[in-house]
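Q:
In the numbering used here, the protein residues as written are 55 to 674.
1. In chain order, what residues of the same chain lie with their CB nearer than 8 Å to the CB of residue 90, ignoring the 5 residues before and after it?
2. Indicate the three-state DSSP secondary structure (helix, strand or coil) for residue 439 in the structure shown.
3. Going straight from the alpha carbon of residue 692 to that of residue 614, what length do you get?
4. Looking at the structure shown, is residue 493 part of a helix, part of a strand, or coil, going by DSSP?
5. Kindly list the residues whose CB is nearer than 6 Å to the CB of residue 274, restricted to its own chain and excluding five residues on each side of it in sequence; keep chain order.
6. Run through DSSP, which three-state label would residue 74 get?
7. Once the 5 residues before and after residue 664 are set aside, which same chain residues still bring their CB inside 6 Å of it?
8. So is residue 173 in contact with chain B if we call contact Cβ pairs under 8 Å?
9. Under the three-state reduction of DSSP, which class applies to residue 512: helix, strand or coil?
10. Inspect the CB distances between the region 134–153 and the region 290–297 and report whether three or more fall short of 8 Å.
11. Give me the DSSP bridge partner(s) of residue 265.
12. Should the region 167–181 be regarded as contacting the region 349–358, the criterion being three or more beta carbon pairs within less than 8 Å?
13. Within its chain, find whatever has a CB closer than 7 Å to the CB of residue 99; leave out the 5 residues flanking it on each side and keep chain order.
14. Quick one: what's got a C-beta closer than 8 Å to residue 433's C-beta in the same chain, skipping five residues either side?
15. Quick one: which unbroken beta strand (DSSP E) runs of 3-plus residues sit fully inside the region 526–575? Chain order, please.
16. Mind checking whether residue 209 and residue 229 have CB atoms under 8 Å apart?
17. In terms of residue numbering, what span does the beta strand (DSSP E) encompassing residue 414 cover?
18. For residue 407, I'd like the list of residues in its chain whose CB is within less than 7 Å of its CB, leaving aside the five on either flank, ordered along the chain.
19. For residue 468, which residues from the same chain have a beta carbon less than 8 Å from its beta carbon, with the 5 sequence-adjacent residues on both sides left out?
20. Using 10 angstroms around the beta-carbon of residue 595, count the other beta-carbons present and answer buried if the total reaches 16, otherwise exposed.
21. Cutting at 7 Å between CB atoms, please list the residues of its own chain near residue 169, excluding the five before and the five after it.
22. Enumerated in chain order, which unbroken segments of the alpha helix (DSSP H) with a length of 4 residues or greater are wholly contained in the region 350–399?
23. May I ask you to list the residues that DSSP assigns as paired with residue 483?
24. Using the rule of at least 16 other Cβ atoms within 10 Å of the residue's Cβ for burial, across every protein chain shown, is residue 526 buried or exposed?
25. Roughly how many whole angstroms lie between the Cα atoms of residue 543 and residue 483?
26. Considering only residues of the same chain and omitting the five flanking positions on each side of residue 624, which have a CB-CB separation below 6 Å?
27. Just to confirm, are residue 447 and residue 466 a CB contact at a threshold of 8 Å?
28. Rounded to a whole number of angstroms, what is the C-alpha to C-alpha distance between residue 551 and residue 247?
29. Any idea what DSSP makes of residue 139, helix, strand or coil?
30. Would you call the CB atoms of residue 438 and residue 358 closer than 8 Å?
31. Whole angstroms are fine: how far does the CA of residue 213 sit from the CA of residue 207?
32. For residue 593, count neighbouring Cβ atoms within 10 angstroms of its own Cβ and tell me buried if that reaches 16, exposed if not.
33. Suppose contacts are defined by Cβ-Cβ distances below 8 Å. Is residue 279 in contact with residue 441 by that definition?
34. Give a yes or no on whether the C-beta atoms belonging to residue 95 and residue 108 are separated by under 8 Å.
35. So who's on the other strand from residue 148, going by DSSP bridges?
36. Based on Cα-Cα distance, which residue from 617, 361, 491 lies nearest to residue 11?
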C-alpha cells in the first residue's frame, strides 16, 4: 500500500499526499546555519563574532552601554557557575523583568547548564505571578528592582523559593535569600578562576524539558508549554534557510522577552546570526530609539506597524507630495516588473525619517492587514509575516526573502509540515503541523497534551486555514471563535475586523455571533472608535456618531454575502482587552459583552447603535 506520493515540488516546499490529505513541507532556500542547542548557539556566536557589539542599552543616566559577544559568554559562565554553587542545579528558576540585557544573561545562565527556565509576564497581576510560581515549582527567581515590593510579599508567604536575585544593584538585605545579580557575577568569576567547572562542563540534554512558558490567560486556564533546547534550536536553524540577517544589522527589541516570538526570533535568532540587539526604552520612545540606535530590523506586532504606516502616510499627505509619491510607486512597480528594483533609492528620504538603515520589518503574533504589508513593500521596506504558537517554538510558517504573497503566511519553514484537517467545501479546516519544533507537551497536564498532539505527532493549532494550489497558507480564523450561521455556513470574526479596520473612524473592533430568541445567529460588532477622528470637528451627538458607523457597516455589507452581513453594533472609546503581545482576549471580551447585555435588560436588537456607557447608565 502506497499511502503517500509526491505530487509537486516547488522551490521552498515539497507537496505530498497521504490518505487524501495534501501535506506541505518546508524545504527552505538558503543553506541552513545549523545549531543543536542553546549553549552551542552562544559559543558559536562567540567564535564567529567575538568582540562585535551584541547588545546596546541605556544605563540609568541615559548613556548607551555596549556589550560584546565575548562579554556575554563570560558573564553567562560567571552567573551559571554561581547559580550551581547556590544549590540550584536542576531547579526551576523564573525571570520577571522588562526587556534588558540582564534578562537574556539570566536566561542563558539557567538553560545552558543550571536548570529549567520559567519566563513570566511582567504585566501579570501580583496574585497571578504568585500562582504561576507555585504551579511551576519555582525555587529561584530573577527580577528587576521594580518588582522589589512584590518579591518581598511573596517571600513572606513562600518558603519554597531559595533565592530572589535582583537584576539591579541593591543594598544588603536582612533576608539572606535576596541577593544581587552583580554579586553573583563577581562570585562566579572567582569560582571559575579557582577551577570550578560545574557549569561550563555541565552536560546539555537537548531533548529534555529546559523551558516552561505559560500561555496567556488567567492562571487557572493558562497552560505550561514544555520546550527543549532541540525545539528552539531547530526553529532557529529553520529561520536561517528563509531569511538573511547580518552582523551589520541592528534589531530593536520591543516585544516582551517572556513571549516565545521575541524570545526565539528577537533573541536566539539574532545572536545566532551576529546581529546587534538594542533594547527599546518603551513604546513611547520607539521613534527616538530607531534613530539613535540606527536600527535596521524591527520585529513587532501589527498594531505597532499599523501606527508606523499611518505616520508615514500622514507625513506624505502633510508634505503635499502625495501625488508625486503615488506616481513614483506606480513607476517603480513597472520597473520592478522588468527586473529593475529602485524602490529603496526612490523612497530613501521617506525611510530616513524613520531610521536611515531600516530595511526589514517582521510581523507576527496576530494577523495584519494585507494592505499594510503591500504599502511598506511599495516603499522599498521588506515586510515579512510569520505565524506560529508558543507550542511550536514558535514559527510554523512565514513569508520570506523569496516568496511574499500578501494576505498569506507564506510557506511552512524548513523541515516543518502542515496540513488541513477535515476541510469544508472552501478548503477551510483546522491547521495541523508537525516537526521538531513542536513542544514536548503541557506541564503536568497529560490530558491536554493528548488532546493537542496525536499519535503521529501532528499538533492541532486551533486555527482555521486553507492552502492554495501553490502551497501558500492563509489563516481564516480561530476554530473557537468561528461563527456557524443558521444555514450551516461559517463566518470568521477576523474577516469582519479586517474590513472595519480599513476605516479611520474605527480604532479596532470585536465581532461575535448573537443568538436571537428565534434561534438565528446574527453577526454583531463592538466598535472601538478613534476619538480624535470622530470628534475632530467638535462634539457631535451619539446619534450622529451611530449614523456615521451605520454608513460604514452598510458599505461593508455591500461586498459580503447577504446571509453573513453585520446586523448590530455597540460603540465605545475604550480599548479591547488584550494580552501583552496585543492580541485580543476574545473569551474575556465575549464574557464582558454577555454580562453587559444581561444586566442592562437589552438584547442586541434593542442595544444596537448605543454607546456601552449608555447601556450601563440605563442599567443603573
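All residues carry an ideal CB built from backbone N, CA and C; glycine is no exception.
A: Working from what's here:
1. 260, 283, 284, 287
2. strand
3. There is no way to answer for residue 692, as the model of the chain reaches only from 55 to 674.
4. coil
5. With a pLDDT of 46 at residue 274, under the threshold of 50, the predicted position of this residue should be treated as unreliable, and no value is reported.
6. coil
7. none
8. No chain B appears in the structure shown, which is made up of a single protein chain.
9. coil
10. no
11. 171, 281
12. no
13. 123, 325, 326, 328
14. 366, 383, 397, 401, 404, 405
15. 527–532, 560–569
16. yes
17. 414–417
18. 369
19. 80, 81, 82, 86, 291, 292, 295, 296
20. exposed
21. 142, 143, 144, 145, 146, 147
22. 356–373, 376–391
23. 519
24. buried
25. 13 Å
26. 580, 666
27. no
28. 59 Å
29. helix
30. no
31. 12 Å
32. exposed
33. no
34. no
35. 172, 195
36. Here the chain has residues from 55 to 674 only, and residue 11 is not among them.
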